[in-house]
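Data first, discussion second: the structure below is written as structure tokens.
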Amino acid sequence: MDGPGRDPSTFPPYLYEAYRATTRRAPKQPLIPLPHTLSEITGPGPALSGALHQTVQGAASAEDSDLTTNMGTGTEAMGERIIVTGRVLDEGGTPLPNTLIEIWQANAAGRYRHRVDQHHAPLDPNFLGYGRCLTNKDGVYRLITIRPGAYPWQNHPNAWRPAHIHFSLFGSSWVSRLVTQMYFPGDPLQPLDPIFNSVPAAARARLIAQYAHDVTQDGYALGFRFDIVLHGPNATPFEPYETAQRATR
Ligand SMILES: [Fe+2]
8 MDGPGRDPST FPPYLYEAYR ATTRRAPKQP LIPLPHTLSE ITGPGPALSG ALHQTVQGAA
68 SAEDSDLTTN MGTGTEAMGE RIIVTGRVLD EGGTPLPNTL IEIWQANAAG RYRHRVDQHH
128 APLDPNFLGY GRCLTNKDGV YRLITIRPGA YPWQNHPNAW RPAHIHFSLF GSSWVSRLVT
188 QMYFPGDPLQ PLDPIFNSVP AAARARLIAQ YAHDVTQDGY ALGFRFDIVL HGPNATPFEP
248 YETAQRATR
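If you're matching positions, the sequence shown starts at 8 in this note's numbering and goes up one per residue.
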């Protein structure tokens, strides 16, 4: 079942039985397109001009983009430092500036700072697990964080999520929000993961970051590149809205 405008060759379906939660939340009736009204189309997303834009830009400070320190305790988070960077592009390859990128993730031990996460793994008092930044004039974002750990979930026996970082993108209006997950190259848990497998096979590689030695900083952190394409035949797979609302998984 796919909603209006969703390309089944790119996007995960609402119903994917191996991902058990989708059997409860997938729509059982045909979707009804709702026309967007002025309030949804006109914002206030970050890709605006004028004072409101300045407000949003101000809300994404340089400190917000470094998850190794943005807990604000003065002590660095535990784990393997990584730099994640890439471009946000439209269908024609045009970079999109002023896109608000928000990420959230488990800590190095595979634990979220979230009340519903009861995984028996330590919380890191110096790791918030959330950060954000805006793409620059060339559509480039750059975040520093720690490599997240795998964590168990209750979908099926011995179920473990591969290491991943959740991404949310906000463009020029409220209706422009897109949510996806970035994975790491060479992770043996990916082919076992129903969420990863719910993405059509031809599009799965678009969710895996590439190791980038030119991004890696000597003596400091490994670099990964993850470009995000919003539309078209090479679009990044995004999650159905209902999934995105529960996206600690
Ligand atoms: Fe997750």
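Cβ coordinates follow ideal geometry from the N, Cα and C atoms, glycine included.
Using a threshold of 8 Å, state whether the C-beta atoms of V91 and F231 are closer than that. Along the sequence shown, read from residue 1 onward, the residue named residue 91 stands at position 84. Along the sequence shown, read from residue 1 onward, the residue named residue 231 stands at position 224. In contact: V91 and F231 (Cβ atoms closer than 8 Å).
Inspect the beta-carbon positions of A84 and T75 and report whether they are closer than 8 Å. What you label residue 84 is simply residue 77 of the sequence shown in a count that begins at 1. What you label residue 75 is simply residue 68 of the sequence shown in a count that begins at 1. Yes, these two residues count as a Cβ contact at 8 Å.
Give every residue of the same chain whose Cβ lies closer than 6 Å to the Cβ of V236, excluding the five residues on either side of it in the sequence, and list them in chain order. For the purposes of this step, residue 236 is identified with residue 229 of the sequence shown, where counting begins at 1. Excluding residues within five positions, the ones whose Cβ falls inside 6 Å are L96, A242 and T243.
Contact criterion: CB-CB distance below 8 Å. Does Y23 meet it with respect to chain B? Absence of chain B from the displayed structure is noted, only one protein chain being present.
Look at Y158 and G117 and say whether their C-beta atoms are less than 8 Å apart. Within the sequence shown, residue 158 is the residue found at index 151, counting from 1. Within the sequence shown, residue 117 is the residue found at index 110, counting from 1. Yes. Within cutoff.
Count the C-beta pairs between the stretch 145-163 and the stretch 126-135 that are closer than 8 Å, then say yes if the count reaches three, no if not. yes
Using only CA atoms, which one of F174, P201 and R168 lies nearest to R149? Within the sequence shown, the letter at position 142 stands for residue 149. Taking only the C-alpha atoms, the option nearest R149 is F174.
Looking at the unbroken beta strand (DSSP E) that takes in A166, where does it start and where does it end? For the purposes of this step, residue 166 is identified with residue 159 of the sequence shown, where counting begins at 1. Run containing A166: A166 to R168, per the beta strand (DSSP E) assignment.
State the Cα-Cα distance for the pair F191 and A170, rounded to the nearest angstrom. Taking the sequence shown and counting its residues from 1, the one referred to as residue 191 is at position 184. Taking the sequence shown and counting its residues from 1, the one referred to as residue 170 is at position 163. About 7 Å.
On the CB-based measure, 16 or more other CB atoms within 10 Å of its CB, does D225 come out buried or exposed? Taking the sequence shown and counting its residues from 1, the one referred to as residue 225 is at position 218. Exposed, because fewer than 16 other Cβ atoms sit within 10 Å of the Cβ of D225.
What I want to know is whether the C-beta of H171 ends up closer than 7 Å to one or more non-hydrogen atoms of ligand 1. As a first step, residue 171 must be located in the sequence shown, where it is residue number 164. Distances from the CB of H171 to the heavy atoms of ligand 1 include at least one below 7 Å.
Between Y218 and L229, what straight-line distance do the alpha-carbon atoms span, to the nearest angstrom? For this step, residue 218 is matched to residue 211 along the sequence shown. For this step, residue 229 is matched to residue 222 along the sequence shown. Looking at the two C-alpha atoms, the distance is approximately 8 Å.
Buried versus exposed call for V206 [16 or more other C-beta atoms within 10 Å across all chains shown]: Residue mapping note: residue 206 aligns to position 199 of the sequence shown, counting from 1. The residue in question, V206, is buried, as its Cβ has 16 or more Cβ neighbours within 10 Å.
beta-carbon R27 near ligand 1 non-hydrogen atom, thresh 7 Å: By 1-based counting over the sequence shown, the position of residue 27 is 20. With a threshold of 7 Å, the Cβ atom of R27 does not count as near ligand 1, since no heavy atom of the ligand is closer than that.
For R149, does the three-state DSSP call read helix, strand or coil? Taking the first residue of the sequence shown as position 1, residue 149 is located at position 142. Of the three classes helix, strand and coil, the one that applies to R149 here is strand, per DSSP.
Distance cut-off 7 Å: R211 Cβ against heavy atoms of ligand 1: Counted from its first residue, the sequence shown places residue 211 at position 204. Checking the Cβ of R211 against ligand 1 gives no.
Just to confirm, does A166 get its C-beta within under 7 Å of one of the non-hydrogen atoms of ligand 1? If you number the sequence shown from 1, residue 166 lands on position 159. No.
W160 versus R120: straight-line alpha-carbon distance, rounded: Counting from 1 along the sequence shown, the entry for residue 160 is found at position 153. Counting from 1 along the sequence shown, the entry for residue 120 is found at position 113. In a straight line, the C-alpha of W160 is about 15 Å away from that of R120.
So is R168 buried or exposed if we call it buried at 16+ other beta carbons inside 10 Å? As a first step, residue 168 is located in the sequence shown; it is residue number 161 there, counting from the start. When all chains shown are included, R168 counts as buried.
Close Cβ partners of L22 (< 8 Å) along its chain, the five nearest in sequence each way excluded: On the sequence shown, position 15 is the one that residue 22 refers to. Same-chain partners within the cutoff: M8, T29, T30 and A33.
Give me the Cα-Cα distance between E24 and V186, rounded to the nearest whole angstrom. Looking up residue 24 in the sequence shown gives position 17. Looking up residue 186 in the sequence shown gives position 179. E24 and V186: Cα-Cα distance of roughly 21 Å.
According to the neighbour-count rule (16 or more other Cβ atoms, all chains shown, within 10 Å of its Cβ), is T17 buried or exposed? Here residue 17 refers to the residue found at position 10 of the sequence shown. Buried is the call here.
Please give me, in chain order, every unbroken run of the beta strand (DSSP E) with length at least 3 that falls completely inside the stretch 184-252. 185-190 and 229-232
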